[in-house]
Amino acid sequence: MRTVLVTLAFTFASGVFPLLNAEIYLAAVATRISQGEVWAIALAAGAGQTLGKVVWYYGAARSVELPWFRRRLESGKARASFETWQQRINGRPWVAAGVMMLSSTVGVPPLLVMGAVAGALRMRMWIFASTIMIGRTIQSYVILAGLAMAFHGW
Numbered sequence: 001m002r003t004v005l006v007t008l009a010f011t012f013a014s015g016v017f018p019l020l021n022a023e024i025y026l027a028a029v030a031t032r033i034s035q036g037e038v039w040a041i042a043l044a045a046g047a048g049q050t051l052g053k054v055v056w057y058y059g060a061a062r063s064v065e066l067p068w069f070r071r072r073l074e075s076g077k078a079r080a081s082f083e084t085w086q087q088r089i090n091g092r093p094w095v096a097a098g099v100m101m102l103s104s105t106v107g108v109p110p111l112l113v114m115g116a117v118a119g120a121l122r123m124r125m126w127i128f129a130s131t132i133m134i135g136r137t138i139q140s141y142v143i144l145a146g147l148a149m150a151f152h153g154w
């Protein structure tokens, strides 16, 4: 249980501070866990990463209201481009979910960038959070199970 809670805390911190690498942490954890712990730790890692990226989402969503951002949108071209992207993201939720799923599982485009973009463009929170939770849990499971099998020979 302690490993699950530490994983949740570390992956939350790594979701907020990109210099803390969740994948390296999970690789280290994989050397000392049993087969029965893999899913619980993967779920904790997915939840921690999701909560960390929600911080970035809301930070970006709030930054759109700041005066310096508003000044950048004063030009007609910048505002039109911003509004076009907002409509694309919110008008095609399955495309947005697909991009977020790809970002959260394989890292292309980078999830940190996508978290900020999603917040600025006001992507629906349920799409944002659920795809990151699913994608990061899958990624964490693959890392943990793969390396644990290699270390322990399950």
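Residue numbering for the sequence shown follows the UniProt record's numbering, beginning at 1 and increasing consecutively. Glycine included, each C-beta is placed from N, C-alpha and C at the ideal position.
Helix, strand or coil at residue i according to DSSP, with G and I counted as helix
i: E65; result: coil
i: P109; result: coil
i: G153; result: coil
i: L121; result: coil
i: S75; result: coil
i: M100; result: helix
i: M114; result: helix
i: R92; result: coil
i: M1; result: coil
Classification of residue i by the beta-carbon crowding that lies within 10 angstroms, buried from 16 upward
i: V54; result: buried
i: R92; result: exposed
i: G36; result: exposed
i: S140; result: buried
i: S63; result: exposed
i: T22; result: The sequence given here places Ala at residue 22; Thr does not occur at that position. So A22 ends up on the buried side.
i: G48; result: buried
i: I24; result: exposed
i: M1; result: exposed
i: R88; result: exposed
> Is it true that the region 139-146 meets the region 59-67, where meeting means three or more beta-carbon pairs spaced less than 8 Å apart?
Replying inline: Judged by Cβ distances under 8 Å, the region 139-146 makes no contact with the region 59-67, as fewer than three pairs qualify.
> Whole alpha helix (DSSP H) runs in the region 15-72 with 4 or more residues, listed along the chain?
Replying inline: You should have 22-30, 38-63, 67-72.
> Would the region 29-46 and the region 76-88 be scored as touching if the rule is three or more Cβ pairs under 8 Å?
Replying inline: The region 29-46, when compared against the region 76-88, does not touch it at the 8 Å Cβ threshold.
> Per the contact definition of three or more C-beta pairs closer than 8 Å, is the region 112-129 in contact with the region 2-14?
Replying inline: Contact fails between the region 2-14 and the region 112-129, because fewer than three Cβ pairs, one in each stretch, are under 8 Å apart.
>> Using a Cβ distance threshold of 8 Å, determine whether the region 20-32 contacts the region 82-93, with at least three qualifying pairs required.
In response: Cβ pair count under 8 Å is below three, so no.
> So, do the region 62-73 and the region 87-102 have three or more beta carbon pairs nearer to each other than 8 Å?
Replying inline: The answer is no - the region 87-102 does not touch the region 62-73, with fewer than three Cβ pairs under 8 Å.
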